[in-house]
Amino acid sequence: MSLAKVIGNNIHALMKKQNVKIKQLADLIGVTRQTMTKYLEGEVIIDSEKLFKIAEFFGKPLDYFLENKHEEMAFLFRAHVLNKESISTVQYKVCDLINRVYEIYELAGEKISYLPQQYNLKIDSKEKQISKEIKLQIEQIALEERKWLNIGESRGEEIIECFENKGIRIIFEKFDMPDMFGVSALHDQKGCFIVINDDENIPEERKIFSIVHEYAHILFDRNQYRQVILQSTRRNIYEKIADKFAGYFLIPRKSLAKYSVLLKSQLSWNDLIYIKKDLRVSLKALLHVLNDYEYISDKEYQKWLKYLNMKGYSKKEPDPMPYFKKNTAHEKIVRMLFMKEQIGINKVAELLGISVEEARENAKKWMMDERED
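All residue numbers for the sequence shown refer to UniProt numbering, where the first residue is 1 and numbers rise by one.
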């Protein structure tokens with residue numbers, strides 16, 4: 001069932017239960033009776049701003065309208081968002097993305113209800129710094145998770161496939177929110193999802209870092225996923241732990257062995273760029289880990305951070321990775337379903353979140369590729 005239809009059915013059920021007329025709801029959100037009817041029948045999907053008004057009117061959380069079965073546990077999120085408006089916008093969009101990706105794998109008959117192991121670190125939420133003992137625990141867990149995910153020598157975008165192979169769904173989507181890097185979501189039936197902002201202004205290295213950062217929240221902060229809202233995160237102890245995990249995960253100690261000659265000398269800018277490009281990680285993440293592994297002192301670490309800011313690399317990345325195509329696993333399954341005539345053009349458009357015209361162009365290319373093979 002399409003998201004538009006799910007939302008329409010949920011609104012209609014509440015209207016019937018509370019004896020609310022179509023015109024009353026249409027006036028509330030500022031549309032005509034005819035447009036409201038199209039929303040209710042699932043012909044047109046309602047935008048997040050209007051849905052938020054309806055949610056407030058009925059006293060329901062936004063995600064209530066996005067769930068087909070309300071006896072299931074609702075989605076639970078963490079995200080870097082700033083205010084109430086952005087929270088509702090992100091939640092609406094993320095639920096749509098997750099529902100579409102879930103349906104793609106469901107149609108393909110793939111098991112997707114996997115939830116990763118949970119780790120309990122003995123941390124006081126009021127603490128400001130991570131103790132040496134906890135750092136060592138995080139590093140060990142990062143190594144265990146790398147092994148479980150079969151990361152091996154995988155780097156950069158190759159890591160995404162490792163997550164996907166274990167049933168952890170990674171979704172990339174552009175959000176018009178430069179400070180929103182990632183969202184992680186858990187659901188008993190639908191499994192584990194990580195949604196990453198694919199804005200072209202965010203370096204590819206930092207998008208990969210955000211995947212592992214959000215994965216860390218899933219591993220360590222499962223109890224934080226109780227509220228059916230998007231929680232605005234700050235630079236608290238939990239964020240610092242997630243950053244530590246991401247650094248250790250992407251740059252384990254043994255991966256630095258090949259650079260031993262460089263690391264034993266005074267590191268230059270060119271040395272750092274060479275290592276970070278080879279590992280396909282952000283320079284900030286590399287510096288952070290080098291400091292933790294005591295390859296550079298606290299003083300050197302602060303010096304390099306200051307230099308990065310001075311050069312305008314607080315949000316940009318020096319010598320960045322080229323942009324790479326995303327969501328290829330999902331598109332591959334949709335292509336397979338279409339080529340086997342299990343779905344049509346309209347369903348291709350719905351599942352990929354594109355226009356029917358774009359879906360037709362994709363289908364033409366798929367058929368041409370099939371003939372060439």
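Ideal placement from N, C-alpha and C gives every residue a C-beta, glycine not left out.
State the DSSP-derived secondary structure class of F175, mapped to helix, strand or coil.
coil
Counterpart residues of H187 in DSSP-defined beta bridges
The bridge partners DSSP lists for H187 are G191.
Can you tell me which of K299, P203 and A329 puts its alpha carbon nearest to the alpha carbon of L283?
P203
Drop a sphere of 10 angstroms on the beta-carbon of S48, count the other beta-carbons inside from all chains shown, and report buried for 16 or more, exposed for fewer.
buried
Quick one: complete alpha helix (DSSP H) runs, 4+ long, within the segment 287-370?
298-310, 328-339 and 345-352
Would you mind stating whether L287 and Y301 have Cβ atoms separated by less than 9 Å?
yes
Quick one: is W304 buried, meaning 16 or more other Cβ sit within 10 Å of its Cβ, or exposed?
buried
My understanding is that I130 touches K244, with C-beta atoms under 8 Å, so please give their C-beta distance in whole angstroms.
6 Å
With DSSP as the reference, please indicate the residues paired to G182 in a beta bridge.
I196
DSSP three-state label for R155, please.
coil
Would you mind working out which of N68, D319, S210 and Q117 sits nearest W148, comparing C-alpha positions?
Q117
contact_flag[the segment 261-274, the segment 164-180] where n(CB pairs < 8 Å) is 3 or more:
no
According to DSSP, simplified to helix, strand and coil, what is E72?
At E72 the pLDDT is 47, less than 50, meaning the model places this residue with poor confidence and gives no usable figure here.
Alpha-carbon spacing of E157 relative to G182, whole angstroms:
16 Å
Strictly by DSSP, which residues pair up with R169?
F193
For S210, does the count of other Cβ atoms within 10 angstroms reach 16, so buried, or fall short, so exposed?
That one is buried.
For E110 and Y119, I'd like the C-alpha separation in whole angstroms.
Here the alpha carbon of E110 sits roughly 27 Å from the alpha carbon of Y119.
Classify M368: buried if its beta carbon has 16 or more other beta carbons within 10 angstroms, exposed otherwise.
Classification of M368: exposed, given that the 10 Å Cβ count is below 16.
Hey, how far is the Cα of I354 from the Cα of Y274?
39 Å
For residue 390, which of S314, M310, V289 and N9 has the nearest alpha-carbon?
No answer is possible for residue 390: it lies beyond the span of the chain, which begins at 1 and ends at 373.
Taking the alpha-carbon positions, what's the T32 to K21 distance?
Their Cα atoms are separated by approximately 13 Å.
Out of K174, N309 and Y248, which one is the CA nearest neighbour of residue 374?
Residue coverage of the chain in this structure runs from 1 to 373, which leaves residue 374 outside it and unanswerable.
Report all residues from its chain with a CB closer than 7 Å to the CB of N327; omit the five preceding and five following residues, and keep chain order.
I171 and F172
DSSP state of A4 mapped onto helix, strand, coil
helix
First and last residue of the alpha helix (DSSP H) that includes T35?
R33 to L40
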